[in-house]
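So the sequence shown is numbered by our numbering: it starts at 452 and just counts up by one.
Heads up, the beta-carbon is just placed ideally off N, CA and C, and yes, glycines get one too.
Computed from a predicted model, the values in this text were never measured in an experiment.
Step one of this worksheet: look at the structure below.
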Amino acid sequence: MALVLFLFGVWVTSPAFGVPTRGSMPDETVFEACEGVVETSVQNPAGIPGGSRHTIRVVTGSQSGRVAVVTLGAPSIVVRAGTIPVYAPGDRVVLQYRTTPLDGAGALTGSLLSSNGDGVDPQSERFQITDRVRRPWLYAGIGLIAVASAAVAGWRGLRAMIGLGAAAWIIWWFVVARLLAGQSPVPVAIVGCALIAVTALVLTHGFTREAGVPLAGMAGSLAVAGVVSVVAVRSASLSGLGSNEEIHLVHAALRGEIDTQGLLLAGMLLGAVGGLIDVTVAQTAAVFEFAVTSPLMSRAELFWRGMSVGRAHVVAAVHTLVLAYAGASLPILLLFALYAADLGDIWNRELIAAELLRAVTGIVSLSIAMPLTTWIAARAAPRTSTN
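Right, dumping it as structure tokens:
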């Protein structure tokens, strides 16, 4: 009950009471996301070789019930066969509906038009296919994770899934909402990390020492990681504008009022939380298990036995962090390899340097969290004899 009240308090104190504040678009243009079902599809229609024309019935949003005729031109780039999306009757797609009042300049430019015979000027509005609806498959994937977690960890595994959902909720409704409201990114990220950690550990372990010890270890390691990330970003002169998405965020969504360096730091801290939960919980469980199976073991012995397990865990986690960031950046690495002079030039690019520093922050936080949590666990482990 206390946890429910705590999360409810976070919700009601968010800037928009549960609705992230979005940046405004020009008044004359309105965008709306909706979904539609492809009814007919024609490949290579007359006059558009390599293109396609689709008749789509809109099924969600304010335009539900309308029929849009969407024409896609031939791909402007050469790609491997099967890469370009092909839509067939019955496919459910994501549409972007755009309407702009016309002026003396004439019609909008674009390759897409909509018409339903209702007298609306097709030159003032457009339907555009932006993606394919994938939610059923995503739901199936989440269900598979839940089944696997329950099969291995039982009820605790299901509670971990609830904690994962709560983490996503906190990031969207608390962190994102407050960032869009203009609050400083680093304090928001610190509070967000604390909320995620408390929620995850209390849901899986309850209000016990198994939850308190990892939280204490995470608090100390996150403080050190925060200092390291600030020094790294400042020393490397990272601006937080290494990708097109970050530039678009500044100029289009928030009118340049966001602290991009702070946003980079906040991302580093949030990215480290998952690994910290992993290491701190594992170390606490290992030390407590040693205390139960070897009740005569001294606290010093508990600490060094835990350190022996923790070293192997940290080494494996280091590889996990670095390879995860490398895998996420693989297309960018390929692109840079085509145009950059050498490997040193690639590493010097801000986009890559930022990912490397994310890994550095995560590794440093893990390196601090492991011995700190092990020491706290050795002191807090239940004992059946005085040592």
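Cα-Cα separation, residue i to residue j
| i | j | result |
| --- | --- | --- |
| A662 | V537 | 49 Å |
| P500 | L692 | 39 Å |
| S513 | E486 | 11 Å |
| L823 | L747 | 23 Å |
| G516 | Q494 | 24 Å |
| A619 | A497 | 47 Å |
| I622 | G643 | 7 Å |
| S600 | L609 | 6 Å |
| V765 | S690 | 30 Å |
| I709 | G633 | 7 Å |
| T825 | M758 | 7 Å |
| M719 | V682 | 13 Å |
| V521 | D729 | 48 Å |
Any chain D beta carbon closer than 8 Å to residue i
| i | result |
| --- | --- |
| G668 | Of the protein chains in the structure, only one exists, and it is not chain D. |
Residue range of the beta strand (DSSP E) that includes residue i
| i | result |
| --- | --- |
| L546 | 543-550 |
| D582 | 576-583 |
| V518 | 518-523 |
Beta-bridge pairing of residue i - partner residues as DSSP gives them
| i | result |
| --- | --- |
| T491 | T506 |
| E661 | Answer is none; E661 lacks a bridge partner. |
Selection from the options that minimises the alpha carbon distance to residue i
| i | options | result |
| --- | --- | --- |
| V488 | G498, G608, V765, P540 | P540 |
| V664 | T506, G502, M821 | M821 |
| I593 | T825, I613, W624 | I613 |
| S816 | A767, W826, A723, V732 | A723 |
| L546 | T711, T522, F578 | F578 |
| I641 | F739, A617, E752, S672 | S672 |
| S890 | I797, Y790, D793 | Here the chain covers residues 452 to 838 and nothing more, so residue 890 does not appear. |
| I783 | A767, I803, G795 | I803 |
Sub-8 Å separation of residue i and residue j beta-carbons
| i | j | result |
| --- | --- | --- |
| A525 | G502 | yes |
| V584 | R629 | no |
| A676 | T511 | no |
| Y776 | E806 | yes |
| V769 | I814 | yes |
| F741 | R756 | yes |
| V684 | L808 | yes |
| A611 | A604 | yes |
| L772 | G726 | yes |
| F754 | A829 | yes |
| L714 | S680 | no |
| A831 | R660 | yes |
| E490 | T506 | yes |
| V744 | M669 | The amino acid occupying residue 744 in the given sequence is Thr; Val does not appear at that position. In this structure, M669 does not lie closer than 8 Å to T744 by Cβ. |
| L414 | F625 | Because the chain in this structure spans residues 452 to 838, residue 414 falls outside the shown range and cannot be described. |
Endpoints, alpha helix (DSSP H) assigned at residue i
| i | result |
| --- | --- |
| T800 | The displayed chain sequence assigns Arg, not Thr, to residue 800. Careful: R800 lies outside any alpha helix (DSSP H) and carries neither H nor E. |
| G725 | 711-744 |
| A687 | Neither: A687 is in no alpha helix (DSSP H) and is coded neither H nor E. |
| W620 | 606-621 |
| G512 | Unbroken run through G512: none, as it is neither H nor E. |
| M748 | That residue, M748, is in no alpha helix (DSSP H); it is neither H nor E in DSSP. |
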